[in-house]
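**Student:** This is the structure, below, for whatever I ask next.
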Amino acid sequence: MAAPTQARPGEWTGGGHRAAPPRSGGSAALAWVREHLVTFAGLAALGYLLLPIVIVFVFSFNKPAGRFNFAWHEFSLDAWTNVCGIGGMCDSLWLSIRLGLLATLGATVLGTLLAFALVRHRFRGRGPTNLLVFLPMATPEVVMGSSLLALFVQGGIDRGFLTLFIAHVLFCMSFVVVTVKARLQGMDPRLEQAAADLYATPYQTFRRVTLPLVLPGIVAAALLSFSLSFDDFIVTNFNSGNQVTFPMFVFGANQRGVPPQINVIGSIMFFLALFLVLAAQYRTRFRFRKAAK
């Protein structure tokens, strides 16, 4: 019996398919690039976003020759070993952390309650309330800061930590409402109905079914609120009085000379946030693997 001959490129094979012509080295490489073009674009965009953070981290090890930390001069660990060496910086950092935690707590509690009311209940004025929730997110910060300043001045409230707390809670609460509301609207109501069919009380249903499902949205809203509060400058500048937060300290230091300790604080905050995100991802994967077993 004669051995079957190999089909040449362009000829019809026995199965009714045309034999594919062999690819040259250049065309194969071009095809590989086309297949991974989206990956390359994503990596390029990610690198572009992370480039300022890399520069901040690198210049935290710099020993500037003058007041400004804009040009590389000499490698040094002085900024890392003496983070609070700049007068007033750690005080402003502690003020921003304390203000962010308290504002996050207040905005998360009030925003979560308002989100439950908007999603689970029907009341007069529900539509305008949904619209008003978005106004602080759409209003320019200059307008919001000046409006809050006018409100405090007309009310005879001295500017200080209290006015900062009220202002931060007000502009963070809208983000909490939107985040928790989206989580509530994505929930399956049959889960709570099933708990009620199994003779669970409303409190047991909320504690064992509703709250665990909404908790990721609440945590995400709290983290977002803390980031917004810690990073805010414009609204804070209008209503701070004699209080100096960390963004205000950085703004003032930029006019006199940016010390490398500011880069150290920025690097620590970035790596701390990265650690929290990676820990949350690891915990989620661990729970899925454990549930799969």
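In this text, residue positions in the sequence shown follow the numbering used here: the first is 153, and each later residue adds one. All residues carry an ideal CB built from backbone N, CA and C; glycine is no exception. Fair warning: this is a prediction, and the values are worked out from it, not measured in the lab.
What are the boundary residues of the alpha helix (DSSP H) that includes V329?
**Tutor:** Unbroken alpha helix (DSSP H) run through V329: F313 to Q337.
**Student:** Please state the DSSP three-state secondary structure of R439.
**Tutor:** Correct three-state label for R439: helix.
**Student:** Under 7 Å Cβ to Cβ from V185, same chain only, skipping five residues before and after it: list those, please.
**Tutor:** Once the five neighbours on either side are set aside, V185 has no close Cβ partner at all.
**Student:** Of the choices V371, A373, A372 and Q345, whose alpha-carbon is the least far from that of R360?
**Tutor:** Considering only alpha carbons, the answer is Q345.
**Student:** Identify, in the order they occur along the chain, each residue of the same chain with its Cβ nearer than 7 Å to the Cβ of T397, setting aside the five sequence neighbours on each side.
**Tutor:** Result list for T397: S244, L247, S248, L251 and T388, in chain order.
**Student:** What does F227 pair with, by DSSP beta-bridge criteria?
**Tutor:** According to DSSP, which records beta bridges pairwise, F227 is partnered with N214.
**Student:** Within 10 Å of its beta-carbon, does A373 have 16 or more other beta-carbons around it, so buried, or fewer, so exposed?
**Tutor:** Classification of A373: buried, given that the 10 Å Cβ count is 16 or more.
**Student:** Can you give me the C-alpha to C-alpha distance between V271 and T281, rounded to a whole angstrom?
**Tutor:** So the alpha carbons of these two residues sit roughly 12 Å apart.
**Student:** Check whether the Cβ atoms of E416 and V410 lie closer than 9 Å to each other.
**Tutor:** A small fix is needed here, since residue 416 is Val in this sequence, not Glu. Cβ atoms of V416 and V410: not closer than 9 Å.
**Student:** Can you tell me where the alpha helix (DSSP H) holding S377 begins and where it ends?
**Tutor:** It spans L363 to D383 - the alpha helix (DSSP H) in which S377 sits, taken as one unbroken run.
**Student:** Touch check for the region 317 to 337 and the region 293 to 301: three-plus C-beta pairs under 8 Å?
**Tutor:** Flag = yes, the region 317 to 337 and the region 293 to 301 touch.
**Student:** For L253, which residues in the same chain have their Cβ closer than 8 Å to its Cβ, ignoring the five residues on either side in sequence?
**Tutor:** Hits under 8 Å: F378.
**Student:** In chain order, what residues of the same chain lie with their CB nearer than 6 Å to the CB of L380, ignoring the 5 residues before and after it?
**Tutor:** The answer, listed in chain order, is C324.
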